[in-house]
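K.L.:
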Amino acid sequence: MKATPTLQGCFGKLARAAKLINELRRENLNFFKKDEVKSEIVRNPETRRQQLVATKVQAPPVSHSLIVGDILYNLRSCLDHLVHQLIVANTGAQPTYRTYEFPVFVTESQFNKNVDRLLRDVSPDGVERIKQVQPFTFERPKDTSLYNLNEMGLVDKHRLPLLAVIRGRVAAMTAEDENSEMMWFGGGYDDLVEAGSVLATFDARVPDSVKLN
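Quick note: to get my numbering, add 217 to the position in the sequence shown (first position is 1).
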């Protein structure tokens with residue numbers, strides 16, 4: 218009996234990943250409500266300038282990394298499911314071998330070297346379409362989503378993904394006291410936030426009574 222291709226598994230994997238992403242968002246909201254990053258204004262003893270310093274930063278719990286790993290697995294596995302169904306569509310039969318997978322390469326020579334092994338029994342049109350989305354077709358292959366999905370999926374097979382609490386930039390700040398309102402623009406912090414990170418430096422004196430926003 219001729220096998221019929223179906224994308225049910227692919228769509229199911231994508232739906233599962235979307236559900237997990239929403240779960241991760243809820244976990245993040247609960248985490249940051251409970252353990253907000255705290256900061257305070259201190260004076261640098263060497264420069265005598267006022268600085269906004271992060272004083273409390275906690276790493277996300279292990280449960281966050283587990284959810285991220287499950288998201289990665291479902292997204293990467295979805296691509297391999299697609300190759301399976303491309304084989305079924307081309308041959309009319311379920312593949313009896315397991316060397317096939319969705320290839321991810323940063324050079325065309327690597328792709329061409331492995332295409333017969335990984336995309337065996339995929340139609341020429343299917344191979345060409347997969348080739349068109351390979352990282353090596355972009356100017357910066359290692360910046361592509363496909364490359365990073367594949368790399369992070371490999372990491373998750375061997376250890377928990379490492380998560381950062383915050384990466385951001387302080388673009389503008391305001392502060393108010395009973396007499397005036399002050400505002401600072403630009404500059405600021407643009408890196409991973411850890412305890413002791415200097416988020417911003419002020420030229421003007423900031424009184425202790427001023428509430429910083």
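Ideal placement from N, C-alpha and C gives every residue a C-beta, glycine not left out.
1. Along the chain, where does the alpha helix (DSSP H) that runs through R334 open and close?
2. Count the C-beta pairs between the stretch 281-293 and the stretch 302-309 that are closer than 8 Å, then say yes if the count reaches three, no if not.
3. If you drop the 5 nearest sequence neighbours on each side, which residues of the same chain put their C-beta closer than 7 Å to that of E325?
4. With distances taken from CA atoms, which of R357, Y317, R346, N329 is nearest D338?
5. Do Q311 and A220 have their beta-carbon atoms positioned less than 8 Å apart in this structure?
6. Could you tell me the distance, in whole angstroms, from the CA atom of I258 to the CA atom of K250?
7. Which of the three DSSP states, helix, strand or coil, is assigned to Q268?
8. Which residue wins for smallest C-alpha separation from A229, given the options F328, Q351, S294?
9. Please classify D333 as buried or exposed, where buried requires at least 16 neighbouring CB atoms within 10 angstroms.
10. So, for D373: in the same chain, excluding its five sequence neighbours on each side, which residues have a beta-carbon less than 6 Å away from its beta-carbon?
11. Which first and last residues belong to the alpha helix (DSSP H) in which K348 is found?
12. Of the residues D360, L269, K255, F419, which one's Cα is nearest the Cα of Q275?
P.N.:
Result, derived from the coordinates:
1. 325-335
2. Taking a cut-off of 8 Å for Cβ pairs, the stretch 281-293 and the stretch 302-309 do not touch, as fewer than three such pairs fall below it.
3. The answer, listed in chain order, is F353.
4. Out of R357, Y317, R346, N329, Y317 has the C-alpha closest to the C-alpha of D338.
5. yes
6. 22 Å
7. strand
8. Before going on, a small fix: residue 229 reads as Gly here, not Ala. The option with the nearest alpha carbon to G229 is S294.
9. Its Cβ having fewer than 16 others within 10 Å, D333 is exposed.
10. G286, L289
11. 341-349
12. K255
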